[in-house]
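**Student:**
Residue numbers (the numbering used here): 32 to 158.
1) Where does residue 108 fall in DSSP's three states?
2) Enumerate in chain order the residues of its own chain whose CB-to-CB distance from residue 156 is below 6 Å, with the five nearest sequence positions on each side excluded.
3) Taking residue 41 as the reference, give the member of 135, 67, 133 and 107 with the closest Cα.
4) Where does residue 85 sit, in a helix, a strand or coil, going by DSSP?
5) From residue 137 to residue 144, what distance separates their C-alpha atoms?
6) Below 8 Å on the Cβ atoms is my contact criterion, and I expect residue 72 with residue 53 to pass it. Report the Cβ-Cβ distance as a whole number of Å.
7) Is it a yes or a no for the segment 62-79 touching the segment 90-97, going by three-plus beta-carbon pairs under 8 Å?
8) Starting from residue 157, trace the alpha helix (DSSP H) both ways and give me its first and last residue.
9) Which same chain residues, not among the five before or five after residue 112, have their C-beta less than 8 Å away from its C-beta?
10) In three-state terms, what does DSSP make of residue 146?
Shown next, in the form of structure tokens:
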């Protein structure tokens, strides 16, 4: 039985969490279609991934397919794969413009009460 060489299992855990929430490996596989290439993932592959029995990191097309299968953002699936196979955990904001990064930087300097107030303000704008 092949095991992932690292102790991290972030991507495998995402699959297990979806399975534990009631999605069968077959259901995940049916939805696991890369919207760009049409590549699909098989039920056995998804089961092996859930149990940490996949040796090599998935290609980008496989991660997009898995994101579709898990109904998660691609960025979440890619971050989990990077953590599992490369022991890389992102600590910065990527994919956002300068305005968002500046706002988040300011939030880091605020107290918990100030952050909670800011959150309520932002959420009130979305209503």
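Glycine residues also receive a C-beta, built at the ideal position from the N, C-alpha and C atoms.
**Tutor:** Working from what's here:
1) helix
2) none
3) 107
4) coil
5) 14 Å
6) Not a contact, Cβ separation roughly 19 Å.
7) yes
8) Note, residue 157: premise wrong, no alpha helix (DSSP H); not H, not E.
9) 41, 42, 88, 89 and 94
10) helix
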